[in-house]
Amino acid sequence: MSTVFIALQTNEDTRPIIEAIELDNPLAVVHREPAMVKIDAPDRLVVRRSTIEDLIGRAFDLQEMHINLITLSGNVVEDDDTLTLSWNS
Amino acid sequence: MDMKASKKKLGLKERYRLMTRDLGWETTYQPKDKVFPYVGYEGIRIHDWDKWEDPFRLTMDSYWKYQAEKERKFYAIIDAHAQNNGHLNLTDARYLSALKIFLQAISPGEYAAHKGFARVGREFPGVGTQVACQMQAIDEIRHAQTQIHAMSNYNRYYNGFHAFADTRDRIWYTSVARSFFDDAMSAGPFEFMIAIGFSFEYVLTNLLFVPFMSGAAYNGDMATVTFGFSAQSDEARHMTLGLECIKFMLEQDPANVPIVQGWIDKWFWRGFRVLGLVSTMMDYMLPKRVMSWREAWNIYGVENGGALFKDLARYGIRPPKGWDDAEQAIDHMSHQFMLGLYQWSFGTAFHSWIPSDDDMDWLSAKYPDTFDKYYRPRWDHIKKLAAAGTPFKNYGLAKLCQTCQLPTVFTEPDDPTLTCHRETAYKGEKYHFCSDGCQHIFENEPEKYIQAWLPMPQLFQDPVKGDLGEWMKWVSLLDGKDNGDYAGSEDQKNFEAWRGLATTNQ
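What follows is the structure in C-alpha cells.
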C-alpha cells in the first residue's frame, strides 16, 4: 500500500470539493494545516464532478480545481467526470 | 418560436485532440531530424510521440482562463498587503532571512526554468509535449515576476532585498542554485526534463514550497503565502508533466531505462543539495515553526518518494543512488548549515543568529538523537564567545564542492564527528567534493564540471583581488546593514520601532 494525496488551499472554493472527496473516498484522511488542507488515501483517490455539483448546486468543471490546487501525488487520470490519483494500479 | 439549440460542449478528450494534437504537422521543406536536431544525441529512443499525453488534458484556451484568474487573486491580495502595512503582521523580522534567500537564489531559478522549458518545448518533436512545455515556460516566468513583485514590498522597509540580481550573479551561496539550473540548461532536452520536471518538481518541490508557504502563513506573511500558492497551483501540473515524461521515456524503449536511471541518480543528489538550505529555514529561520525538516522529509521524502519509486519499479527503476545517504543526513544538515551561515554571516546578504534557549529546546525535542549530542554544545560555546564580546567569525574561505558549490560543511554519512571530504585528480588539477554523490557526478562528466564558475577563486581575480571591502562592493553587499547577526541589526531595530508605532499612539 502507498499513500496518494491531494492538497488544496483553504478557502470557500475548496470547501465543497473537500467535502465531496470525503464522501467519495471513505478511507481518505483529511489534515487541516495552516492555509492548506491535505487529503491522504491508500493507493487511490477519486474526485467526482457529480458529487461536487450536488453540493454546490451548479455545473462544475473539474479543471476549476487548478486554481486552488497546491500539490498532489500519484498517477493522474482525468476525464470529464472524474480525477483519479493512484499508485501501483 | 424556434429556439436555437446551443452546440454541445466538447468533451475533455475531444477538446484536447482538437486543440493540441491537431496543432502539429508533418514537415515537408526539411526532414524531421533537421528540424529537431537535439533529440537524438542523448541516446533516448522514442518510437511514437503520440503516446505522450498530458493527463490533465489542459488546452491553451483553458490555460489562459485559469492563469488570468490566478493573477487576479494574486494582485488583489498583494495590493491589500501593501495598503495595510502587511509587513508589520510578521511574527518577527528574523523571518525575512528566509525570504531574502528565496529572492536571491530561488526566484532567479524560476527564471532559469522558464528559459529551459521554452527551449525544450522547441526541441521536442511531440506536439503534446511542446504545448505542455510552453505552458510551463510561461508559468515559470510568471513565478519569477510575481515573486519579485511581492517581495519588492519588503524592499521598501528592510535590508538585503535591494540588489538581488547582483547577489544572484556574484555572491557565493547563490551559485549553488545557479549552477544547478545552469547544469540542467546545458544538458540535452531529455536530461533537462528529468532534472527539472522529474527530480526537482516531482521528488523535491513539495519540500520547498509546501512547508515554506505553510510557514509563511504561520508567520503572518500574507504576500509570500499568496505568491507561493499562486505558483504552487501550477506545480501540480508541472509534477504531473515530470512524472508523465519519465513514464513515457521508460515505456518507449527498454534501452532508455539505464540512461534514465543515471539521470535520476544524478539529479536527485543535485536537488537534495540545492534544497538543503530549506532545512535551515524550517528548523531555524521561521520564528514560528510549522514542522521540522525531519518531519517534512518523512512525509514528502520517505513516504511520497517511497511510493513513487515503488510504482516505478515495474519499469526496472530503483530509488536514486544517494537515497540512503540523504536519509542519514536529515537529522544533521539543518544544524550544519546554520552553523556555517552564522560563522560566515559577514558575507551573506541576510542575517543569521544564535538560537534562543526556547529554540534550542524545540530542536532537542525534534532531533532527540542528534541535537543535544552534537550541536547544542557548539551553540553554547558560540553563545559564550558572543557574551564575552568576541563573537565567532570565520574569515577563512570555505572550501567549495566542485559539483554542488556548497562549502564542504557536511559530515560522513555514518560519522557525524568527521567532516566528509572527497577529492579527484583530473588533468593535473585537484578537485574537491562534499560527498560521494557529488564526486560521482563529477567523475561521470569531468569536462562539464571543470568549467564551473566558483565564487572563491573569483575573489582573487579582477576586480576584487582578494580585498573583502572590494568584494562587498562588487556583490552589492552593504556592510553593517545587509549582513551579520540579526541581534542589533537595522532590520531588528526598525521592525520593533514600527510595530511599536502600529500598536500604540506614540
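Taken in order, these protein sequences are the chains called L and F. The numbering of the first sequence is the working numbering, which starts it at 344 and goes up by one. The numbering of the second sequence is the working numbering, which starts it at 341 and goes up by one. Even glycine gets a Cβ: it sits at the ideal position worked out from N, Cα and C.
- In the structure shown, L:M379 falls within a strand segment according to DSSP collapsed to helix, strand and coil.
- Contact between F:L615 and F:L547 holds, since their C-beta atoms are separated by about 6 Å, short of 8 Å.
- Collapsing the DSSP output to three states places F:D390 in a helix.
- Residue contact check for F:Q474 against chain L: no CB pair falls below 8 Å.
- In this structure, F:A595 and F:R385 form a Cβ contact; the two beta carbons are roughly 6 Å apart against a cut-off of 8 Å.
- In the DSSP assignment, F:T580 falls within the alpha helix (DSSP H) that extends over M562 to Q592.
- Residue pairing of F:K770 in beta bridges, as defined by DSSP: F:A765.
- Residue pairing for F:D825: DSSP places it in a beta bridge opposite F:S692.
- When secondary structure is reduced to three states using DSSP, F:P797 falls in the helix class.
- Under the three-state reduction of DSSP output, L:S393 falls in the helix class.
- Between the beta-carbon of F:Y542 and that of F:M579 there is about 5 Å, and that keeps the pair under the 8 Å contact cut.
- Membership of F:L648 in any beta strand (DSSP E) is not indicated; the residue belongs instead to the alpha helix (DSSP H) covering N644 to L652.
- Taking 7 Å as the Cβ-Cβ cut-off, the region 371-401 of chain L approaches chain F at E376, P377, A378 and M379, given in chain order.
- In the DSSP annotation of this structure, the continuous segment of the alpha helix (DSSP H) that includes F:I418 starts and ends at M400 to Q423.
- For F:I657, no beta strand (DSSP E) encloses it, and the DSSP letter there is neither H nor E.
- For F:N429, no beta strand (DSSP E) run applies, since DSSP gives it neither H nor E.
- The C-beta separation of F:T748 from F:G560 comes to about 37 Å, leaving the pair out of contact by the 8 Å criterion.
- The Cβ-Cβ distance between F:F414 and F:F567 falls below 8 Å.
- Rounded to whole angstroms, F:T514 and F:A524 show a C-alpha spacing of 16 Å.
- Per the C-alpha coordinates, the member of F:S775, F:D754 and F:P756 positioned closest to F:T764 is F:S775.
- At least one CB of chain L lies nearer than 8 Å to the CB of F:N644.
- Under the three-state reduction of DSSP, F:F549 is assigned to helix.
- Contact with chain L is absent for F:T469, since none of that chain's Cβ atoms lies less than 8 Å from the residue's Cβ.
- Setting aside the 5 residues that flank it on each side, L:D356 is surrounded in the same chain by N411, each with a C-beta closer than 6 Å to its C-beta; the list follows chain order.
- The beta-carbon separation of L:D422 and F:L352, rounded to 6 Å, stays under the 8 Å limit for a contact.
- Note that the C-beta distance between F:I657 and F:Y682 is not below 8 Å.
- Counting along the chain, the unbroken alpha helix (DSSP H) around F:Q683 starts and ends at M673 to Q683.
- The DSSP-derived three-state label of F:E541 is helix.
- For F:L615, not one C-beta of chain L is nearer than 8 Å to its own C-beta.
- For F:E480, the enclosing alpha helix (DSSP H) covers residues V467 to N495.
- For a Cβ distance threshold of 7 Å, residue set T414 of chain L lies close to F:E575, ordered along the chain.
- Annotated three-state conformation of F:T757 is strand, per DSSP.
- Distances from the alpha-carbon of F:D699 to those of F:Y624, F:E836, F:D401 and F:A738 put F:Y624 closest.
- Residue environment: F:E480 is assigned as buried (16 or more neighbouring CB atoms within 10 Å of its CB, all protein chains considered).
- Residue-level contact check: F:A453 does not touch chain L, since none of the beta carbons of chain L fall below 8 Å from its beta carbon.
- Taking the C-beta atoms as reference points, L:I399 is found no nearer than 8 Å to L:I349.
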